[in-house]
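Working notes, structure below.
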Amino acid sequence: MSLPANVTTPLRPLPVKRLAAAAVLMVAACIGGYMLTPKWQAVRSEQQRLADPLRDFTNPQTPEAQLSRLQEKIRANPQDSEQWARLGEYYLYRNAYDNALLAYRQALRLRGDNAQLFAALATVLYYQSGQHMTPATREMVNKALALDATEVTAQMLLAADAFMQADYARAVSLWQTLLDANSPRVNRAQLVEAINLAKLLQNRPK
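Using this note's numbering, read the sequence shown as starting at 110 and increasing by one per residue.
Structure representation (structure tokens):
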């Protein structure tokens, strides 16, 4: 059973520092025709590639508008962990797990230990492995819960995995705990539906 659609609620916005615009004047008369040569163009292209914070990502042939906007924001401010997290979420929803991991890990490096980001990484690893609770996934879940025992995404992941393993009693218990917590991050209607389904499967004739 899949997790609810909103697996990673956006992080609390971080202060965003506006980058000062840097105007670089090229004096063509001093450089002569060198800038027009293939060698210069190749050097300049490589410099631009290395300066791009998104150089390690595999982009689709025609990036969607949402992806383009995220990339523009990150290029404008590569230190904005929230935008990196949103990029991870974008790739997660499109099953681009390698890119999602890269983005979430960069968000974690910038923000520091964070329960929501550890839970997001756990979610990516879980689906990347075909919905299996691997040791790496479990490690991320444990890190998330160590920082915040009520972390919603981590608990949802444990409940979903219990359901997938036909451990309906544990799934119901975890979902009920989330329901009782009244978290604004929880879709109560979906949780009630999941609990009812798990109970139905738990009580069906063997």
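We put the CB at the ideal spot given by N, CA and C, even for glycine.
- Residue burial is scored here from C-beta neighbours: lysine 252 has at least 16 other C-beta atoms within 10 angstroms and is therefore classed as buried.
- Taking 8 Å as the upper bound for CB-CB distance, tryptophan 284 and alanine 268 are in contact here, some 5 Å apart.
- Exclusion of the five residues before and after threonine 246 leaves Ala231, Leu234, Tyr235 as the residues of its chain whose Cβ lies within less than 6 Å of its Cβ.
- At the C-beta level, tryptophan 193 and alanine 205 stay beyond 9 Å of one another.
- Annotation: the continuous alpha helix (DSSP H) that includes serine 177 extends over 174-185.
- Around the beta carbon of valine 261, 16 or more other beta carbons lie within 10 angstroms, which makes this residue buried.
- Here the C-alpha atom of phenylalanine 227 lies approximately 14 Å from the C-alpha atom of methionine 242.
- From the listed residues Arg218, Ile183, Gly197, Leu306, the smallest Cα separation to alanine 278 is found for Leu306.
- Not a single unbroken stretch of the beta strand (DSSP E) spanning 3 or more residues falls wholly within the segment 285-314.
- Ranked by how close their Cα comes to the Cα of leucine 310, the residues Leu288, Arg294, Ala271, Ala298 have Ala271 in first place.
- If you look at glutamine 237, you'll find it in the alpha helix (DSSP H) that goes 224-237.
- Burial state of asparagine 208 is buried, judged by a 10 Å Cβ sphere holding 16 or more other Cβ atoms.
- Look at aspartate 270 here: in three-state DSSP terms it is helix.
- With a contact defined as Cβ atoms closer than 8 Å, valine 281 and leucine 287 miss out at about 11 Å.
- Judged by their CB atoms, leucine 179 and tyrosine 199 are nearer to each other than the 9 Å cut-off.
- The alpha-carbon separation between glutamine 274 and arginine 184 amounts to approximately 42 Å.
- The three-state reading of DSSP puts glutamate 248 in helix, counting H, G and I together.
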